[in-house]
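Just so you know, the sequences run in chain order A and B. In terms of the working numbering, the first sequence is residues -19 to 259. In terms of the working numbering, the second sequence is residues 5 to 479. Glycine included, C-beta positions come from ideal geometry on N, C-alpha and C. All figures in this text were calculated on a predicted structure; none of them were measured in a lab.
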Amino acid sequence: MNKLNSIIRHAFLTFLAIIWLIPIIWLVCTSLSGYPGINISKFFPDTWTLNNYKLLLWDVDTVSQFPRWFMNTLTIAIFSCMISSSFVLMVSYAMSCMRFNMRKPLMNLMVILNLFPGFLSMIAVYFILKSFNLTNSHIGLILIYSGSSGLGYLVAKGFFDTVPVPLREAAKLEGASEAKVFLKIVLPLSRPIIVYTVISSFLAPWMDFIFAKIILNSGISSDWTVSIGLYSMLEKTLINSYFARFCAGGVLISIPISILFIIMQKFYVEGITGGSVKG
Amino acid sequence: MKNIGRKIAKFFSDIGNAVVKGDIFVKLSLLIMGAGYFGRKQYIKGIITTIFQAAAALFTVIVAIPYISKFSTLGTVEREMVFNIDTMKNEVNNYDHSFKILLFGMIGIIAIVVFVFLYLWNIIKVRELQILSQRGKHINSFREDVRALLNQKFHITLLFFPFLGITLFTIIPLLVMIMVAFTNYDQNHMPPSSLFTWVGFNNFKQLFTSTISVTFGYSFTKILIWTLIWAFFATFTTYIGGILLAMLINDKKTKAKKLWRTLFIIAIAVPQFVTLLLVRNFFADLGIVNTICSKIGLTDFLKTIGLVKDSLTYIPFLSDPNWAKVMIILINMWIGIPYLMLIATGVLMNIPADLKESAKIDGANGIQIFFKITMPYMLFVTGPYLVTSFVANINNFNVIYLLTQDVFVTHNQYLANSNAKETDLLVTWLYRLTQEYYNYKMASVIGIVVFIICATFTLFAFNSMIKGDKEEEFQ
Chain A
-19 MNKLNSIIRH AFLTFLAIIW LIPIIWLVCT SLSGYPGINI SKFFPDTWTL NNYKLLLWDV
41 DTVSQFPRWF MNTLTIAIFS CMISSSFVLM VSYAMSCMRF NMRKPLMNLM VILNLFPGFL
101 SMIAVYFILK SFNLTNSHIG LILIYSGSSG LGYLVAKGFF DTVPVPLREA AKLEGASEAK
161 VFLKIVLPLS RPIIVYTVIS SFLAPWMDFI FAKIILNSGI SSDWTVSIGL YSMLEKTLIN
221 SYFARFCAGG VLISIPISIL FIIMQKFYVE GITGGSVKG
Chain B
5 MKNIGRKIAK FFSDIGNAVV KGDIFVKLSL LIMGAGYFGR KQYIKGIITT IFQAAAALFT
65 VIVAIPYISK FSTLGTVERE MVFNIDTMKN EVNNYDHSFK ILLFGMIGII AIVVFVFLYL
125 WNIIKVRELQ ILSQRGKHIN SFREDVRALL NQKFHITLLF FPFLGITLFT IIPLLVMIMV
185 AFTNYDQNHM PPSSLFTWVG FNNFKQLFTS TISVTFGYSF TKILIWTLIW AFFATFTTYI
245 GGILLAMLIN DKKTKAKKLW RTLFIIAIAV PQFVTLLLVR NFFADLGIVN TICSKIGLTD
305 FLKTIGLVKD SLTYIPFLSD PNWAKVMIIL INMWIGIPYL MLIATGVLMN IPADLKESAK
365 IDGANGIQIF FKITMPYMLF VTGPYLVTSF VANINNFNVI YLLTQDVFVT HNQYLANSNA
425 KETDLLVTWL YRLTQEYYNY KMASVIGIVV FIICATFTLF AFNSMIKGDK EEEFQ
């Protein structure tokens, strides 16, 4: 009886895992396919080749400029990661560990701002950037990703709430200033949340699609990021000659992103559940 | 509210007090803001304050006033070509740009309000300094003031740049877009070639009315209902699915827990735009799933039971409104369940073991333990997350856009008239209105409505959660 139960249980899990992995397997298989378009009659390709990767990485044409897109996204991601992670850590520390008059009103304000759909403000931001000539530039995109990143402070605040108060008090009694407490005492203890914040803000530009599409709208493909570049390969006129290359690109960027994501998810769970238990 | 009123009253009485009782330096600082600091030998602070005052005055006169003066009409001079006698050429006249007037007028008004506040606040500060010096107390040197920014006033240092960013990239743009909802900014009124102006609540009226040519009322009701249905199913299917999957994996009898978990995580670690675009082609009308379905006879079977129209040779997974809606929810489960599985795993491990043990000793079976202990505990811990994820689903752009854009075409003329589709959420509709049809006024109205829905729901949910206070139960 027990044995049967266990077999059913594992069979069911295997079934679920297959469902969840079919698209991923299809992605990998198609990226290795000798046929450049979508093979609609067979799941597995007829001929296997690494040609799509070769074309993607070394054979740049007007449609496919993957190495360029990759470098663009990498630069944007590095800069916006530096700015947004420091903003997030600064805001969350101030809101968690310091007491000042405007603390509650500011926190309420941020709750309200988070309820507006994100890209409602994009139209106005677009015009602000345009009047400074920053549309179609990577600086504009970096500013958009990092400008209001302070609003996403809640997870990190939940973490800072758990740092014991006596620790900070003791340091202050010994004459350390608030800045020193933050930089020398709390931050070194907060490695998990720093890793989480840095990785998640680094990943945002790789995952984002709409903001990049709104800002980089000139149609010059060498300016694009990976996401809009790959999306453009699926246009009706292109899909039959570029679908396999799209899959190869998908595999290539998924590898580093998955690794970072798997490192991050551990801290993601801690942040989300940890914060709410303490109310 | 009372508290705020009291604070404002105190602020103004302080100012009155300072002006009446202040000495010559305080009174001088009404004219030159730095004067009060010069009087107490805080020269550097005095210079900085005076420079700030000059800059603020210059900004007001040169940038703010010209725009603010046109704010009530949003511009009157239309752009046209004028023949210039000096250069003997046709040139663009000195036209008004309505959106710039709105944007910079708004920024100007906010800046002036801030300047006036700082000006008044400065008087109070200067008066405080006077009292300090009269009592013979220590007055900070500039160096000490700077050091305070790293100590007692460290929060100002921490928050200054983040909040500058939030103001520039969220608050001001949002205010401008809220203003746009009260104008006629659309395809026929696009600056710089033409002007737009204030129209009051007309756009809000339009959202709730339906005539033969203007069908916003019809589309709005349809899309709102679908948005709420979507948000409900998207939140709860993934929530329940995630918990069940987590329990299945974390059960004592399951072997190789880590392997299973990793398999499911891989599915969500791949960026959404890759997987969703892939799945969209997977389920295309002439896609691979349709080939397989017709081979095994599923297409014909669905035809006989009437789920697929006879005229079609394929299953319209993402091209028929009803099929598409169901598919979108199912595909969203594919994306969402592993996330919830991760979160639920973390929470389930935290359930106090003695709680379950004592329930078992009392004779509870597995199902009873699930409904009486596991679920209440999960709901308690993940309650706030559930609320935020419902709101996030109302605003869930990626799934709908990437699955249906360029693929799904509506055949409903009423919806098409207002640029909507059956599968649209309010946010994707908003996006399409701005990016493809330049109908900014209606997009802003929809944005405001989305905000009202989210805000009401959040307030309601959090209130009832606080009422059912179960904090002690699990501590």
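Which listed residue (the options) has its alpha carbon closest to that of residue i
{"i": "B:Met183", "options": "B:Val330, B:Ser17, B:Leu263 and B:Ser76", "result": "B:Ser76"}
{"i": "A:His118", "options": "A:Ser66, A:Ser60 and A:Ser76", "result": "A:Ser60"}
{"i": "B:Leu434", "options": "B:Ile143, B:Val65, B:Phe103 and B:Gly451", "result": "B:Gly451"}
{"i": "B:Asp439", "options": "A:Leu100, A:Asp41, A:Gly130 and A:Val8", "result": "The sequence given here has Gln at residue 439 of chain B, not Asp. Nearest option by C-alpha distance: A:Leu100."}
{"i": "B:Leu344", "options": "B:Phe224, B:Phe87, B:Ile128 and B:Thr239", "result": "B:Thr239"}
{"i": "B:Gln276", "options": "B:Trp338, B:Pro325, B:Thr241 and B:Thr215", "result": "B:Trp338"}
{"i": "A:Phe226", "options": "B:Asn254, B:Leu322, B:Lys226 and B:Leu281", "result": "B:Leu281"}
{"i": "A:Tyr125", "options": "A:Phe140, A:Leu183 and A:Val91", "result": "A:Leu183"}
{"i": "A:Val166", "options": "A:Ser180, A:Ala136 and A:Ala57", "result": "A:Ala136"}
{"i": "B:Ser214", "options": "B:Ile19, B:Asn421, B:Asp314 and B:Lys425", "result": "B:Asn421"}
{"i": "A:Asn116", "options": "A:Ala74, A:Leu240 and A:Ile200", "result": "A:Ile200"}
{"i": "A:Arg148", "options": "A:Val161, A:Asp141 and A:Gly138", "result": "A:Val161"}
{"i": "B:Ile175", "options": "A:Met62, A:Asn197, A:Gly98 and A:Val145", "result": "A:Gly98"}
{"i": "A:Ile122", "options": "A:Lys164, A:Trp186, A:Met244 and A:Leu95", "result": "A:Trp186"}
{"i": "A:Ala224", "options": "A:Arg(-11), A:Asn31, A:Gly132 and A:Asn(-18)", "result": "A:Asn31"}
Residue i at chain A interface by Cβ criterion, 8 Å
{"i": "B:Gly301", "result": "no"}
{"i": "B:Leu290", "result": "yes"}
{"i": "B:Thr480", "result": "This structure leaves residue 480 of chain B out entirely; chain B is present only between 5 and 479."}
{"i": "B:His193", "result": "no"}
{"i": "B:His159", "result": "yes"}
{"i": "B:Trp202", "result": "no"}
{"i": "B:Ala13", "result": "no"}
{"i": "B:Lys474", "result": "Confidence is the limiting factor: at B:Lys474 the pLDDT is only 48, short of 50, which leaves the residue's position unreliable, though a coordinate-based value still follows. B:Lys474 does not count as touching chain A."}
{"i": "B:Gly9", "result": "no"}
{"i": "B:Met446", "result": "no"}
{"i": "B:Lys129", "result": "no"}
{"i": "B:Thr438", "result": "yes"}
{"i": "B:Lys257", "result": "yes"}
Beta-carbon neighbours of residue i, restricted to chain B and to distances below 9 Å
{"i": "A:Gly132", "result": "Ordered by position in chain B, no residue passes the 9 Å Cβ test against A:Gly132, which lies about 11 Å from the chain."}
{"i": "A:Trp204", "result": "Those within 9 Å of A:Trp204 in chain B number zero; the least Cβ separation is about 13 Å."}
Closer than 8 Å at the beta carbon, the chain A residues around residue i
{"i": "B:Phe165", "result": "Phe67 and Met70"}
{"i": "B:Trp264", "result": "Leu(-7) and Ala(-3)"}
{"i": "B:Ala459", "result": "Ile92 and Leu95"}
Within chain A, the residues that residue i reaches when beta carbons sit closer than 7 Å
{"i": "B:Gln417", "result": "Chain A residues near B:Gln417: none, gap ~24 Å exceeds 7 Å."}
{"i": "B:Phe286", "result": "Pro3 and Trp6"}
{"i": "B:Thr317", "result": "Correct list: empty, because the minimum Cβ distance to chain A is about 13 Å."}
Within chain B, partners of residue i - CB distance below 7 Å
{"i": "A:Asp238", "result": "Strictly speaking, residue 238 of chain A in this sequence is Ser, with Asp absent from that position. Ile270, Ala273 and Val274, listed in chain order."}
Beta-carbon proximity check, residue i vs residue j, cutoff 8 Å
{"i": "B:Tyr243", "j": "B:Leu352", "result": "no"}
{"i": "B:Ala271", "j": "B:Pro342", "result": "yes"}
{"i": "B:Met110", "j": "B:Leu179", "result": "yes"}
{"i": "B:Phe158", "j": "A:Met78", "result": "yes"}
{"i": "B:Asn399", "j": "B:Val454", "result": "yes"}
{"i": "B:Asn188", "j": "B:Phe200", "result": "yes"}
{"i": "A:Trp49", "j": "A:Trp204", "result": "yes"}
{"i": "A:Phe247", "j": "A:Pro168", "result": "no"}
{"i": "B:Asp410", "j": "B:Ile227", "result": "no"}
{"i": "B:Phe268", "j": "A:Ala(-3)", "result": "yes"}
{"i": "A:Val178", "j": "A:Ser65", "result": "yes"}
{"i": "A:Glu215", "j": "B:Asn155", "result": "no"}
{"i": "B:Ile253", "j": "B:Arg265", "result": "yes"}
Any C-beta of chain B under 8 Å from that of residue i
{"i": "A:Tyr73", "result": "yes"}
{"i": "A:Lys24", "result": "The identity of residue 24 of chain A in the sequence shown is Phe, whereas the question assumes Lys. False, the Cβ-Cβ gap to chain B never drops below 8 Å."}
{"i": "A:Trp38", "result": "no"}
{"i": "A:Gln45", "result": "no"}
{"i": "A:Val145", "result": "no"}
Cross-chain neighbours of residue i in chain A, by beta carbon under 9 Å
{"i": "B:Lys360", "result": "Those within 9 Å of B:Lys360 in chain A number zero; the least Cβ separation is about 18 Å."}
{"i": "B:Ala368", "result": "Within 9 Å Cβ-Cβ: nothing; B:Ala368 doesn't reach chain A, min ~20 Å."}
{"i": "B:Tyr41", "result": "By Cβ distance, chain A contributes nothing, its closest Cβ being about 23 Å from B:Tyr41, past 9 Å."}
Chain-ordered neighbours of residue i on chain B, where CB pairs are closer than 8 Å
{"i": "A:Tyr211", "result": "Phe277 and Leu281"}
{"i": "A:Trp49", "result": "Going along chain B, no residue has its Cβ under 8 Å from A:Trp49, so there is no contact; the nearest lies around 13 Å."}
Restricting to runs no shorter than 3 residues, where is the beta strand (DSSP E) found entirely within the stretch 83 to 154 of chain B? 85 to 88 and 93 to 96
Of all the alpha helix (DSSP H) runs that stay within the bounds of the stretch 5 to 51 of chain B, which reach a length of 4 or more residues? 6 to 25, 28 to 32 and 39 to 43
In chain order, which alpha helix (DSSP H) runs of at least 4 residues are fully inside the stretch 198 to 242 of chain A? 206 to 212
Runs of alpha helix (DSSP H) lying entirely within the stretch 312 to 387 of chain B, each at least 4 residues, in chain order: 325 to 354, 357 to 365 and 370 to 373
Run through the stretch 89 to 150 of chain A for me and flag every whole beta strand (DSSP E) of 3 or more residues, listed as ranges in chain order. none
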